[in-house]
């Protein structure tokens with residue numbers, strides 16, 4: 001996709017209809033790379049499919065979490081213990097797109113080399129993985145959210161796993177109206193910031209804690225209203241907005257500010273002292289004033305006030321102007337789209353009936369949305385395409401209705417003098433034109449300023465061509481043998497033509513209108529290839545011609561002017577009294593010689609068939 005040719009108005013428009021769907025296994029999660037050229041989906045049986053999003057084809061297949069990837073002695077045991085234990089639940093790309101992190105219910109996290117398909121790192125955890133997040137650059141650090149244990153920070157090089165202690169609050173018995181901090185090891189939802197320097201942890205008791213990735217010390221604690229449970233979180237492309245899906249059926253938006261150089265971090269003891277005396281009903285940052293906190297709440301909140309739906313998955317558009325939320329209904333496939341600035345509901349996307357939403361993702365650079373249904377299909381939502389003719393001619397004016405153009409009397413009478421050339425002709429011929437150097441287009445501005453080296457971005461995967469090995473004796477000998485057998489079959493067609501016609505008629509009566517069914521009648525083929533019309537050829541009997549697009553074989557030819565599959569073949573019988581076959585084949589059984597639609601049957605008989613060609617099973621008599 002050439003970013004210079006993208007319409008800036010269409011890039012912010014909203015998706016409207018399902019453009020296409022991808023089907024390979026039962027998809028459970030999906031993730032785009034930073035450019036949006038590759039889409040990764042994780043399946044229920046442990047496979048990871050990487051799609052080329054431009055061609056919508058499978059570019060790579062990774063197999064590490066599936067039962068087939070285990071040793072033989074562990075496959076049956078794994079299938080009996082947990083049939084869905086190998087399901088891939090979350091995927092995360094590196095900044096360059098060369099590495100992909102996957103988490104599964106088999107309690108393993110794997111880092112893949114996307115180009116080669118090799119497994120780079122594998123780390124075993126204590127519980128099934130529900131969400132993974134990857135740092136943008138090497139050395140890679142991962143954060144994994146687990147089912148029954150607290151989230152962990154993983155150093156993929158050393159395979160060191162560090163659990164995160166969640167911050168919980170309870171009412172203070174000594175000081176009524178206040179609360180005290182309690183460190184609990186409970187499950188939560190965690191993800192890394194865009195820089196990878198901070199970890200955001202959403203907890204069950206309605207708090208979001210920011211940690212320093214290197215030291216695991218606390219940077220800030222933000223309390224949500226009504227102590228709602230954090231269901232899921234996601235960042236926008238720039239990493240400046242945080243979208244939080246809460247258990248009170250509301251989606252809240254926060255602004256994630258960059259960390260100041262003099263920002264203070266708190267250890268467990270320091271945090272306990274800093275939180276002493278905090279009011280129980282306080283909402284927002286508990287450590288900093290509103291103007292100095294890293295996570296500032298925005299005024300916008302997105303909810304369905306009428307139906308009160310709980311949201312299964314949420315996402316921000318690539319430019320951050322819209323918010324998408326997929327409902328958690330069992331038999332509903334609906335996506336709500338809001339304006340981020342005004343909080344207004346702008347569109348509802350209605351998907352297939354009786355299919356729930358499992359996951360969704362917004363394309364990073366285009367107005368395109370991907371949703372995963374409960375049956376495993378990947379639906380692609382896009383805009384309705386309308387041809388923009390002004391792109392070909394800037395002065396082209398689009399009309400909504402017909403208008404009569406009145407030509408001016410002197411419109412074509414004025415002959416303007418051509419403008420002088422901007423560059424002298426001799427100087428233009430002597431100038432050197434560089435056709436080797438490619439100008440680099442930084443479509444993502446500062447997002448690409450430090451790219452290069454060994455971690456250069458991977459946009460597409462090369463096509464892999466697999467050649468089928470030929471059998472013993474070589475492929476040419478096999479083709480010659482097949483041609484000889486076909487030649488022998490054709491030599492006997494004159495004596496078996498009538499039997500082939502009768503069998504064809506019986507078959508065509510069962511499916512008279514099935515034009516998509518490819519039927520091969522080997523006994524009714526004529527021998528050899530089509531010849532020139534000037535050569536004399538022996539008649540091959542009724543119904544024995546291969547046929548063509550515009551004629552059938554009478555006494556002069558085996559085919560028409562252009563060959564086509566046998567199911568469209570016409571046929572001639574006898575020596576023929578006109579050109580080879582009819583104009584478009586002959587049709588018997590529809591009113592005699594020629595075509596019943598054409599009253600001039602005698603005239604068509606002289607021309608050697610009817611006007612409109614019929615199938616080979618309905619021989620002509622021309």
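In the UniProt record's numbering, the protein residues as written are 1 to 622.
We put the CB at the ideal spot given by N, CA and C, even for glycine.
Worksheet entry | Proximal residues to residue 89 (C-beta, below 8 Å), its chain only, five neighbours per side dropped | 28, 29, 42, 103, 104, 105, 128, 129, 130 and 131
Worksheet item: If you drop the 5 nearest sequence neighbours on each side, which residues of the same chain put their C-beta closer than 8 Å to that of residue 221?
Response: 167, 207, 208, 209, 210, 271, 275, 285, 286 and 287
Practice prompt. Measure the CB-CB distance between residue 320 and residue 236 and report whether it falls below 9 Å.
Written response: yes
Worksheet item: If you draw a straight line from the alpha carbon of residue 197 to that of residue 458, how long is it in whole angstroms?
Response: 24 Å
Worksheet item: Is there contact between the segment 339–353 and the segment 296–306, where contact requires at least three CB pairs shorter than 8 Å?
Response: yes
Fill in: Contacting residues, own chain, Cβ-Cβ under 7 Å from residue 247 (five flanking each side not counted)
228, 229 and 231
Discussion item. Can you give me the C-alpha to C-alpha distance between residue 400 and residue 345, rounded to a whole angstrom?
Written reply: 29 Å
Item to complete: Measuring alpha carbon to alpha carbon, tell me which of 266, 14 and 120 ends up nearest residue 213.
Response: 266
Item to complete: On the DSSP bridge assignment, give the partners of residue 154 in chain order.
Response: 142 and 161
Discussion item. Just to confirm the assignment, what range does the beta strand (DSSP E) spanning residue 223 have?
Written reply: 218–223
Worksheet item: Residue range of the beta strand (DSSP E) that residue 134 falls in?
Response: 129–134
Worksheet item: Is the segment 47–66 in contact with the segment 386–406, if contact means three or more CB pairs nearer than 8 Å?
Response: no
Worksheet item: Between residue 352 and residue 333, which are expected to be in contact by the criterion C-beta below 8 Å, what is the C-beta distance as a whole number of angstroms?
Response: 6 Å
Worksheet item: Looking at C-alpha atoms only, which residue of 294, 137, 354 and 437 is the closest neighbour of residue 200?
Response: 294
Worksheet item: From 123, 95, 143 and 165, pick the residue whose C-alpha is nearest to that of residue 159; which is it?
Response: 123
Item to complete: Could you check what DSSP says for residue 107 in three-state terms: helix, strand or coil?
Response: coil
Practice prompt. To the nearest angstrom, report how far apart residue 361 and residue 314 are at their CA atoms.
Written response: 8 Å
Item to complete: Using beta-carbon positions only, say whether residue 347 and residue 44 come within less than 9 Å of one another.
Response: no
Item to complete: Reducing DSSP to helix, strand and coil, say where residue 531 ends up.
Response: Note on residue 531: pLDDT 39, under 50, position unreliable in the model; the coordinate value appears next. Here residue 531 sits in coil by DSSP.
Worksheet item: Straight-line CA distance for residue 309 to residue 100?
Response: 33 Å
Discussion item. What does the alpha-carbon distance come out to for the pair residue 327 and residue 437?
Written reply: 49 Å
Discussion item. Tell me which residues share the same chain as residue 136 and place their Cβ nearer than 6 Å to its Cβ, disregarding the 5 neighbours each side in the sequence.
Written reply: 95 and 196
Discussion item. Assuming the contact rule is C-beta atoms closer than 8 Å, residue 150 and residue 187 should be a hit. Round their C-beta distance to whole Å, please.
Written reply: 6 Å
Worksheet item: So, are the CB atoms of residue 18 and residue 336 less than 9 Å apart?
Response: no
Item to complete: Can you grab the Cα-Cα spacing for the pair residue 357 / residue 31, in whole Å?
Response: 15 Å
Worksheet item: So the alpha helix (DSSP H) residue 272 belongs to, where does it begin and stop?
Response: 268–274
Practice prompt. Would you tell me roughly how many angstroms separate the C-alpha atoms of residue 395 and residue 322, rounded to the nearest one?
Written response: 33 Å
Worksheet item: Is the distance from the Cβ of residue 114 to the Cβ of residue 349 below 9 Å?
Response: no
Worksheet item: Once you ignore the five residues that flank residue 202 on each side, which residues in its own chain have a CB closer than 7 Å to its CB?
Response: 188, 189, 208, 230, 233 and 244
Practice prompt. Just confirm the distance between the C-beta atoms of residue 383 and residue 13, as a whole number of angstroms; I'd bet it's less than 8 Å.
Written response: 6 Å
Discussion item. Within the continuous beta strand (DSSP E) that includes residue 460, where are the two ends?
Written reply: Premise fails: residue 460 is in no beta strand (DSSP E) and is neither H nor E.
Practice prompt. Report all residues from its chain with a CB closer than 6 Å to the CB of residue 126; omit the five preceding and five following residues, and keep chain order.
Written response: 149
Fill in: Nearest residue (CA-CA) to residue 282, options 291, 257, 318 and 224
224
Item to complete: Might you give, ordered along the chain, the residues of its own chain that have their beta carbon closer than 8 Å to the beta carbon of residue 215, omitting 5 neighbours on each side?
Response: 265
Worksheet entry | residue 20 classed as buried or exposed, judged by whether at least 16 other C-beta atoms fall within 10 angstroms | exposed
Discussion item. Give me, in chain order, the residues of the same chain whose beta-carbon lies closer than 6 Å to that of residue 87; leave out the 5 immediate sequence neighbours on both sides.
Written reply: 28, 44 and 105
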